[in-house]
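Worksheet for the structure shown next.
So, in structure tokens, the structure goes:
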């Protein structure tokens with residue numbers, strides 16, 4: 002979702018997806034995606050449930066600099082997310098991510114699965 006938010010619509014998806022039977026999960030354990038955006042930006046996305054490293058980050062590399070965002074989850078973040086969801090259900094707040102955002106993300110996931 003972040004890549005779509007930053008760079009806009011995707012025009013091409015290439016992917017390599019791998020299962021890791023030892024993990025006993027029903028989804029791909031490793032996914033490597035290369036996205037080409039209409040804006041002519043390319044993005045490489047790597048996801049691994051099999052990694053022994055406990056890290057999550059987003060890195061944007063430009064011609065002049067590298068921007069890195071380190072994701073540090075905490076319990077308060079999850080509590081805030083649940084509170085926000087309850088507020089949406091009660092009509093007190095609007096979702097931060099739209100149904101269209103979700104559909105666009107799912108289209109990329111499907112393209113990756115069909116491209117593997």
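Numbering (my numbering), first residue to last: 2 to 117. Virtual Cβ for every residue (Gly too), placed ideally from N, Cα, C.
Would you mind reading off the limits of the beta strand (DSSP E) that contains residue 62?
Counting from 1 along the chain shown, the entry for residue 62 is found at position 61. Its beta strand (DSSP E) spans residues 58-62.
Tell me whether residue 6 is buried or exposed, calling it buried when 16 or more other Cβ atoms sit within 10 Å of its Cβ.
The residue given as residue 6 occupies position 5 in the chain shown. Residue 6 is exposed by the Cβ-count criterion.
Nearest-angstrom Cα distance between residue 96 and residue 83?
Walking along the chain shown from the start, residue 96 turns up at place 95. Walking along the chain shown from the start, residue 83 turns up at place 82. Their backbone Cα atoms lie some 12 Å apart in a straight line.
What whole-angstrom Cβ distance do residue 30 and residue 51 have, given they're in contact under 8 Å?
Along the chain shown, read from residue 1 onward, the residue named residue 30 stands at position 29. Along the chain shown, read from residue 1 onward, the residue named residue 51 stands at position 50. That belief holds up - the Cβ atoms of residue 30 and residue 51 are roughly 5 Å apart, short of 8 Å.
Shortest alpha-carbon distance to residue 72 belongs to which of 60, 114 and 64?
As a position in the chain shown, residue 72 is number 71, starting the count at 1. Ranking 60, 114 and 64 by Cα distance to residue 72 puts 60 first.
Are there 16 or more other CB atoms within 10 angstroms of the CB of residue 34, so buried, or fewer, so exposed?
Looking up residue 34 in the chain shown gives position 33. Buried, because 16 or more other Cβ atoms sit within 10 Å of the Cβ of residue 34.
Taking the CB atoms as reference points, tell me whether residue 9 and residue 49 lie closer together than 7 Å.
The residue labelled residue 9 in the question sits at position 8 within the chain shown. The residue labelled residue 49 in the question sits at position 48 within the chain shown. No.
Cα separation between residue 38 and residue 2?
Within the chain shown, numbered from 1, the residue matching residue 38 stands at position 37. Within the chain shown, numbered from 1, the residue matching residue 2 stands at position 1. Distance between the alpha carbons of residue 38 and residue 2 is about 13 Å.
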